[in-house]
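Q: Residue numbering for the sequence shown follows my numbering, starting at 186 and increasing by one per position. Every residue, glycine too, gets a C-beta built ideally from N, C-alpha and C. Below you'll find the structure I mean.
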Amino acid sequence: MSAPSDGRVDPRRRGRLELNDRVVEKIAGQAAAEIGAAHGRSGGFLGIGAEADAAARPKVDVDLGSDYADLAITVGIAYPGSIRAAAQQIRDHVTERVQTLTGVRVHRVDIDVTFLTVGGSTHDDHQEVLR
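What follows is the structure, given as structure tokens:
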């Protein structure tokens, strides 16, 4: 390995980068929230009393390996509409954004649809919970 002719240090000799799980969780959650049909939950305490919120990021859990990430996303989906198509759109977008922004290969994205928001409303009286 020789130094570049302009005096800069070769990137492979600068050191190493360690990526924390929380960084990937935040990026994946934001990417999922960029999909209009995806909703998260807000409010409550320790998950109790949380309400559907179209502005909230979906919850993401990450299993980060040495060169890959497995993601589990808990999300609400706007209904009516194709739940399968919305889940695939979330999966594709999150995979692309995480790989682009972190350089980590996404191995798997599990999507757990925990509630539906009917008619664009996020109020509990218009919400159907999947069991």
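Quick one: residues in its chain with C-beta nearer than 7 Å to the C-beta of V294, no 5 flanking neighbours on either side, listed in chain order?
A: Working through the sequence shown from its first residue, we reach residue 294 at position 109. Once the five neighbours on either side are set aside, the close Cβ partners of V294 are L256, I258, R276, V279 and T280.
Q: Just to confirm the assignment: which complete alpha helix (DSSP H) runs, minimum length 4, are found wholly within the region 196-258?
A: For the region 196-258, whole alpha helix (DSSP H) runs of length 4 or above, ordered along the chain, are 206-218.
Q: Just to confirm my understanding: we take H308, look at its own chain, exclude 5 residues before and 5 after, and list those with CB closer than 7 Å. What are they?
A: As a working mapping, residue 308 is identified with position 123 in the sequence shown. Bear in mind that a pLDDT of 42 at H308, under 50, signals an unreliable position, so the model cannot answer this.
Q: Cβ of G214 within 7 Å of Cβ of V245?
A: Residue numbering aside, residue 214 sits at position 29 when the sequence shown is read from its first letter. Residue numbering aside, residue 245 sits at position 60 when the sequence shown is read from its first letter. In this structure, V245 lies closer than 7 Å to G214 by Cβ.
Q: Is T259 near the ligand FAD, judged by its Cβ being under 6 Å from some heavy atom?
A: By its list of ligands, the structure shown contains no ligand whatsoever, and the ligand FAD lies outside what it can speak to.
Q: For D295, which of helix, strand or coil comes out of DSSP?
A: Sequence index remark: in the sequence shown, residue 295 carries index 110 (1-based). Three-state DSSP puts D295 in a strand.
Q: Going by the beta-carbon positions, is the gap between A254 and V209 smaller than 7 Å?
A: Here residue 254 refers to the residue found at position 69 when the sequence shown is read from its first residue. Here residue 209 refers to the residue found at position 24 when the sequence shown is read from its first residue. Closer than 7 Å, so yes.
Q: DSSP on R282, reduced to helix/strand/coil?
A: Here residue 282 is taken as the residue at index 97 of the sequence shown, counted from 1. R282: helix per DSSP, three-state reduction.
Q: Which of the three DSSP states, helix, strand or coil, is assigned to R276?
A: Counted from its first residue, the sequence shown places residue 276 at position 91. Residue state, collapsed to three classes: helix.
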